[in-house]
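Counting from 1, position 142 in the sequence shown corresponds to residue 131 in this note's numbering; the numbering is continuous, with no gaps. C-beta: ideal position from N, C-alpha, C; glycine also. Heads up: the structure comes next, in structure tokens.
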Amino acid sequence: MLRVAPNVDGKLDIAPARPGPAEAAERLKRTLYRRLQEAFGDLERAAGNQQPEVSRRARAAQGRFAGDFAQADLVEVYLEVAWVRAEFDRRGEREGDDRFTNAAVAALNEIATIGPGLVLDNPEVEKLEDRRRRFAHDPLPPEAAAALEKLAETIADGDAVFGETLRQYAAATLATAEGTDDRRTVIQRVVTRNTIVAIGRWLANETSKKAYSGALGLAALWALKHESMIVTAASVWGDLFLAWLGPVFDQARAIAASAQSAGAIRPPPPRRRGPQ
């Protein structure tokens, strides 16, 4: 509605329809999101053939973030910004022809500067940041860390079992494996744990058994194939989690045997990796 009110001269006039605080914040985020998209394009071009792995990831991020801010997955933005922050912080470790150009450093800095303002008030991102701070004082045992890394790799490669977004999240936790990156580790712990919990709940759900017998059987086979790694990773999630895994694996064995005998599933062939 048009509001009539005294203006600065004391005369009645139409009051400006200025955005409220929430609308102004949302408008700013949309602007920052466009700048982030442009900065990933700048990074792709600047890295080019000199750092092809950086260029490929920047191009992939630009593609995933090509839509409007309203459709953005802010946890995924958080992951990519964390990767860029790590690359920017470690830029001095690159030598010779592998050193970033000034243009690449500028693009990295732009993304690392813009990104946090987009994501850090998102509830899911805030939870991840809280976990990161807690985990900083609770480092993983080496064997559990190795199991989590391997499980994340199998999730990223598991296109017969897992959807595209989950596989992208898992792959993102592997892409910055060199050096220390506590945000990557937090996401890896969360993605892997939540995947195992989801499979356990799925296996226990009678409706799911009827509706998704083939896919459910593949999930059961995946859990059984990686049982040892799952147990090793779960050693840091508490005794209750470990105790829960026993019935989960029993259920997985029953479902996998039933599905295979009914011809609903066949063990998937190993996925071939392309050139690294």
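query: Whole alpha helix (DSSP H) runs in the region 79 to 123 with 4 or more residues, listed along the chain?; result: 91 to 108
query: Would you tell me roughly how many angstroms separate the C-alpha atoms of R46 and Q157, rounded to the nearest one?; result: 11 Å
query: Is the region 24 to 42 in contact with the region 91 to 111, if contact means three or more CB pairs nearer than 8 Å?; result: yes
query: Are the region 132 to 143 and the region 47 to 56 touching by the rule of at least three beta carbon pairs closer than 8 Å?; result: no
query: When DSSP labels each residue in this structure, what does V(-7) get in the three-state scheme?; result: strand
query: Along the chain, where does the alpha helix (DSSP H) that runs through S52 open and close?; result: Correcting the residue identity first, residue 52 is Gly in this sequence and not Ser. Looking at the DSSP string, the run of the alpha helix (DSSP H) that includes G52 is P41 to R53.
query: Which same chain residues, not among the five before or five after A245, have their C-beta less than 8 Å away from its C-beta?; result: G206, A209, L210, L213 and I254
query: If you drop the 5 nearest sequence neighbours on each side, which residues of the same chain put their C-beta closer than 6 Å to that of A136?; result: M218, T221 and A222
query: Starting from the Cα of R172, find the closest Cα among K116, F58 and R121 and give me that residue.; result: R121
query: Let me confirm a value: V(-7) is counted as buried when at least 16 other C-beta atoms fall within 10 Å, else exposed. Which label applies?; result: exposed
query: With DSSP as the reference, label S250 as helix, strand or coil.; result: helix
query: Please report the Cβ distance between I176 and T162, rounded to the nearest whole angstrom; I am assuming they are in contact, meaning their Cβ atoms lie under 8 Å.; result: 5 Å
query: Which first and last residues belong to the alpha helix (DSSP H) in which A134 is found?; result: P131 to D146
query: Output yes if chain C places a C-beta closer than 8 Å to the C-beta of A14; else output no.; result: Reference to chain C is not applicable here, since this structure consists of a single protein chain.
query: Whether or not the region 75 to 83 and the region 102 to 117 are in contact is what I'm after, with contact meaning three or more pairs of Cβ atoms, one per stretch, closer than 8 Å; do they touch?; result: no
query: If I'm right that W233 touches R182 with Cβ under 8 Å, what's the distance once you round it to whole angstroms?; result: Their Cβ separation, rounded to whole angstroms, is 12 Å, which puts W233 and R182 out of contact at 8 Å.
query: Considering S217, what are the terminal residues of the alpha helix (DSSP H) in which it resides?; result: E216 to A223
query: Output yes or no for whether 8 Å exceeds the beta carbon distance between T174 and F230.; result: no
query: Of the residues A11, V43 and N91, which one's Cα is nearest the Cα of A75?; result: V43
query: So what's A61 in DSSP terms, helix, strand or just coil?; result: coil
query: To which residues of the same chain is A55 closer than 8 Å at the C-beta, ignoring the five residues directly before and after it?; result: Q26
query: Between which two residues does the alpha helix (DSSP H) carrying A161 extend?; result: E153 to L163
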